[in-house]
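What follows is one structure encoded as structure tokens, with my remarks underneath.
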Amino acid sequence: MSGASFDVAPGECLALIGESGCGKSVLASALLGLLPANARTAGHAHLGGLDLLTAGERTLARTVRGRRVGLVPQSPAAHLTPVRTIRSHLEETVAHLTGVRGRAARRAAAEQAAHRTEFPLDHLDRHPHELSGGLAQRAATALALVGDAPLLLADEPTTGLDRDLVDRTVDELRRHVDDGHALLMITHDLTAAERIADRVAVMYAGRIVELTDAARFFGTPGPRHPYSRGLLEALPERSFTPVPGLPPELGSLPEGCAFAPRCDRATDACAALPPFEHTVACHHPVTATPADTPTAARTPEDTRA
Amino acid sequence: MLELRAVTAGYDRRAPVVRDANLTVAPGEAVGLLGPSGCGKSTLARVAALLHRPDAGEIVLDGTPVRGFRHRAPREQRTAIGVVFQQPRLAADPRLRLADLIAEPLRATGRRASAADRVAGLADTVGLTPDLLGRRPHEVSDGQLQRACLARALALHPRWLVCDEMTAMLDASTTAALVRVVEDYRASTGAGLLSVGHDRTLLNRWCDRTVPWEAVAAS
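Heads up: the sequence lines are chains E and H, in that order. Numbered continuously in the numbering used here, the first sequence closes out at residue 561. Numbered continuously in the numbering used here, the second sequence closes out at residue 1100.
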């Protein structure tokens, strides 16, 4: 991924959406310093006064992970240790991240952490495989919240869950946002994003192509980038038409706009990389919602070069 | 017809996951089976795909009762059903290139000679580019791997398709693309479909009729 710029404020949720394999999870790993050794990063990711991208492993391990950035993982069942109970997970995390000492105090703090995400206390002594998907999700969220990190990073927290469970998980995350946490939610689930997000960032081929207010994105006037529009139109409650073609290889991106080969609005101008202007990086952003005026929507807006 | 009659199935005879399930899919029909996670719908899908032997009940495939399941199913019944699972990573041998993954059913049924042509055709159908066919599963995205798994399911021209949460791991665009591939295949061959899932909006849009889990199996 390259050239991604965005910010998340306390009490705000930014949803980062895009197709699988577009580089979303690489971003999350970069922010936590979990990229493999052969990865290269450039730029800055400021959290308070600390730059996450240049911070050393020692700083990341001792002051960032869990303490300043909490991770809600993609697959909670895989994230939890299979041979240990949820109580044991929570107590270890409490001991590691907080100043709580003593067995009784640790036990109380663990139960309190479980309570925060409404994890039922009578399930605390169960192992991960004895939990349903929803409860495993709550356990993982409880672990992410133990260190009271101001920034929560949720990487595809709803993949594979059914709709009711997605709604519940998302509503719970939203509650933590309303409690003053900042939340960066990485997801390909547009319905979940619509439910939770204040703002939406759309990623395509490693770049953020649109960053806008969630209400405007999902409602009117709708997305402005042709890719965002295509992604939204692919939903079964909309026209259910896929974006034609496949996403490009991140290793060999075309010069210019990476979406141009799949785009019905592409022209010669798209051979140059579109700068990110206002809310969108596109030479021909959509100006009207396609449903209203299909012909007018095809007239490219006169963008300044 | 693909008929499930009074099927009881599970992994422990004392505690079956599915009790007394009845479901019929007519030729050319698309049936969506809607249920929450953990209700047993995947188990029923495995039974319908002849991949799990029920404790009780009967499966009738095109008028012939099924006598054996998994490797004991007779080849003409086994190959009449194509299956796509929820998690492509778990459904793909990590050692195989995508081309070999798609060709596996062809080779297993003595169609080795025609495999290369058929794989190229299938790859085109599901929208995989030739350079992706030379890669192994860890080198492609979930969406690309699921395209290969769908191509594999279509390789033997099945009369029936069983899709168990085929799109649960995928983004909206890939979901729409794969559903279109399935529907194009069904339109050209008249194959029947049993699609199992939890997304009501998706199944209503995709299938001729959607049945809730409660209407199929006893609680």
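Just so you know, even glycine gets a beta-carbon here, dropped at the ideal spot from N, CA and C.
Quick one, are the C-beta atoms of K280(E) and G274(E) less than 8 Å apart? yes
Among S1100(H), A972(H), W1041(H), which residue has its Cα nearest to the Cα of G1071(H)? W1041(H)
Please decide whether P546(E) counts as near chain H, where near means a Cβ-Cβ distance under 8 Å. Note on P546(E): pLDDT 48, under 50, position unreliable in the model; the coordinate value appears next. No, its Cβ sits nowhere closer than 8 Å to a Cβ of chain H.
Rounding to the nearest angstrom, what Cα-Cα distance links V899(H) and P917(H) in this structure? 13 Å
DSSP three-state assignment for V325(E), whether helix, strand or coil: For V325(E), the three-state secondary structure derived from DSSP is strand.
For L1083(H), which residues in chain E fall below 8 Å Cβ to Cβ? The answer, in chain order, is P492.
DSSP on R1104(H), reduced to helix/strand/coil? The displayed coordinates of chain H run from 882 to 1100. Any statement about residue 1104(H) would go beyond what the structure contains.
Would you kindly work out how many angstroms separate the C-alpha atoms of M459(E) and H481(E), rounded to a whole number? 11 Å
Under 8 Å, Cβ to Cβ, is there at least one residue of chain H near H566(E)? Residue 566(E) is absent from the model: chain E starts at 257 and stops at 561.
Proximal residues of chain H, C-beta to C-beta of D423(E) below 9 Å: Within 9 Å Cβ-Cβ: nothing; D423(E) doesn't reach chain H, min ~12 Å.
For the beta strand (DSSP E) containing L272(E), list its first residue and its last residue. 269 to 273
Distance, G913(H) Cα to N1085(H) Cα: Going by the C-alpha atoms only, they are around 8 Å apart.
Range covered by the alpha helix (DSSP H) that runs through S1054(H): Element bounds for S1054(H): 1053 to 1070.
Whole angstroms is fine: what's the gap from L287(E)'s alpha carbon to A453(E)'s? 20 Å
Check the C-beta distance from M1047(H) over to V1097(H) and give it rounded, since I have them as a contact under 8 Å. That belief does not hold up - the Cβ atoms of M1047(H) and V1097(H) are roughly 19 Å apart, past 8 Å.
In this structure, how does DSSP classify V566(E) when only helix, strand and coil are distinguished? Nothing can be reported for residue 566(E), as the shown portion of chain E is limited to 257 through 561.
Looking only at its own chain, which residues have a Cβ that is under 6 Å from the Cβ of V356(E), when we skip the five neighbours before and after it? V350, R362, A365
Where does L883(H) fall in DSSP's three states? strand
Within the same chain, show all residues whose beta-carbon is closer than 7 Å to that of F262(E), passing over the 5 residues directly before and after it, in chain order. Sequence-distant partners of F262(E) (beyond 5 residues in either direction) whose C-beta falls short of 7 Å from its own C-beta, in its chain, are L270, A457, I464, L467.
Once the 5 residues before and after E884(H) are set aside, which same chain residues still bring their CB inside 6 Å of it? The beta carbon of E884(H) sits closer than 6 Å to the beta carbons of T905, V941 from its chain, once the five residues preceding and following it are set aside; these are given in chain order.
D901(H) versus R894(H): straight-line alpha-carbon distance, rounded: For the pair D901(H) and R894(H), the Cα-to-Cα distance works out to about 13 Å.
Identify whether P413(E) lies in helix, strand or coil by the three-state DSSP scheme. Coil at P413(E), not helix or strand.
I'd like to check one pair, L506(E) with A461(E): are the Cβ atoms closer than 8 Å? yes
Leaving out five residues before and five after H345(E) in sequence, what residues of the same chain have Cβ atoms less than 8 Å from its Cβ? L336, T337, A395, L399
Let me know the alpha helix (DSSP H) ranges lying completely inside the region 985 to 1040 of chain H, each 4 residues or longer, listed in chain order. Complete alpha helix (DSSP H) runs here, min 4: 996 to 1007, 1011 to 1014, 1023 to 1035.
Pull the bridge partners of T443(E) from the DSSP assignment, please. I273(E)
Distance, E489(E) Cα to G305(E) Cα: 40 Å
Could you tell me the distance, in whole angstroms, from the CA atom of H371(E) to the CA atom of I342(E)? 13 Å
I need the boundaries of the alpha helix (DSSP H) containing R1090(H), first residue and last residue. Run containing R1090(H): none in the alpha helix (DSSP H); it sits in the beta strand (DSSP E), 1090 to 1093.
Kindly identify the DSSP beta-bridge partner or partners of S1076(H). G913(H), C1044(H)
Listing by chain order, which chain E residues have their CB less than 9 Å from the CB of H1038(H)? In chain order: nothing, as chain E lies at least about 24 Å away.
Between H302(E), F375(E), L529(E), which lies nearest to E511(E) when the distance is taken from Cα to Cα? L529(E)
For A1099(H), does the three-state DSSP call read helix, strand or coil? strand
Evaluate contact between the region 1055 to 1062 of chain H and the region 973 to 986 of chain H, counting only Cβ atoms and requiring at least three cross-stretch pairs below 8 Å. no
Residues bridged to H302(E) [DSSP beta-bridge criterion]: D307(E)
Could you check if E450(E) is buried or exposed, using at least 16 other CB atoms within 10 Å of its CB as the buried criterion? buried
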